[in-house]
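Q: Below is one structure. I have some questions about it.
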């Protein structure tokens with residue numbers, strides 16, 4: 001078994017919700033329960049000492065890219081956000097992680113197939129039985145019903161590495 005704890009970046013739109021502090025705490029609890037370490041966007045305890053008090057979008061971008069680079073895996077919230085699909089920032093983080101060769105484990109509060117979430121508009125809808133667009137769904141190792149289950153999948157993957 002691997003002696004160090006896997007560092008897991010938690011991608012998702014949590015930073016937009018009024019209960020951000022509770023969501024950050026839950027991510028840390030879920031990770032810790034599975035022997036993992038959560039790296040959470042919006043977590044003020046995981047910022048460099050020289051991080052500006054009023055960060056620009058570039059400051060936030062660089063911080064989150066650094067966090068992704070430091071991670072071993074990503075747990076991504078694929079719950080539809082402001083539309084039928086996952087948060088666009090989360091989707092970018094998934095692509096970046098995949099390009100880096102890091103595994104991504106998804107979860108969602110809406111397990112309906114993507115075609116059921118898209119309003120009829122006369123255009124063809126991908127019908128692959130996935131919870132989101134095929135390029136998102138095919139990028140993740142699995143999609144489960146909650147963050148805790150996704151953390152469990154990361155822990156299983158981490159343990160299998162020897």
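Residue numbers (full-length UniProt numbering): 1 to 162.
For each residue, glycine too, the CB sits at the ideal point set by N, CA and C.
Predicted model, so just to flag it, every value in this text is computed and none were measured.
Look at the alpha carbon of residue 147 and the alpha carbon of residue 124, and state the distance between them as a whole number of angstroms.
A: Counted from its first residue, the chain shown places residue 147 at position 147. Counted from its first residue, the chain shown places residue 124 at position 124. Looking at the two C-alpha atoms, the distance is approximately 31 angstroms.
Q: Using a Cβ-Cβ cut-off of 6 angstroms (strictly less than) and excluding sequence neighbours within five positions of residue 152, which residues of its own chain qualify?
A: As a first step, residue 152 is located in the chain shown; it is residue number 152 there, counting from the start. Excluding sequence neighbours, residue 152 sits near 34.
Q: To which residues of the same chain is residue 43 closer than 7 angstroms at the C-beta, ignoring the five residues directly before and after it?
A: Here residue 43 corresponds to residue number 43 of the chain shown, with the count starting at 1. Same-chain partners within the cutoff: 24.
Q: Can you give, in chain order, each stretch of the alpha helix (DSSP H) that sits fully within the segment 82-155 and has at least 4 residues?
A: 88-99, 114-117, 134-137
Q: Would you kindly report the start and end of the unbroken beta strand (DSSP E) that includes residue 77?
A: Position 77 of the chain shown, counting from 1, holds the residue named residue 77. Here the beta strand (DSSP E) through residue 77 covers 73-77.
Q: Kindly confirm or deny that the segment 4-18 and the segment 89-107 touch, where touching means at least three C-beta pairs closer than 8 angstroms.
A: yes
Q: For residue 5, which residues in the same chain have their Cβ closer than 7 angstroms to its Cβ, ignoring the five residues on either side in sequence?
A: Numbered from its first residue, the chain shown carries residue 5 at position 5. These residues qualify, in order along the chain: 35, 36, 37.
Q: Mind checking which residues open and close the alpha helix (DSSP H) that includes residue 11?
A: Residue 11 sits at position 11 when you count from the first residue of the chain shown. No alpha helix (DSSP H) contains residue 11, which is instead part of the beta strand (DSSP E) from 7-11.
Q: In the segment 19-50, which residue ranges form an unbroken alpha helix (DSSP H) of at least 4 residues, counting only runs that do not cross its ends?
A: 20-33
Q: Mind checking which residues open and close the alpha helix (DSSP H) that includes residue 58?
A: As a first step, residue 58 must be located in the chain shown, where it is residue number 58. From DSSP, the alpha helix (DSSP H) with residue 58 extends over 57-70.
Q: Between 63, 119, 40, which has its C-alpha nearest residue 48's C-alpha?
A: Sequence index remark: in the chain shown, residue 48 carries index 48 (1-based). Ranking 63, 119, 40 by Cα distance to residue 48 puts 63 first.
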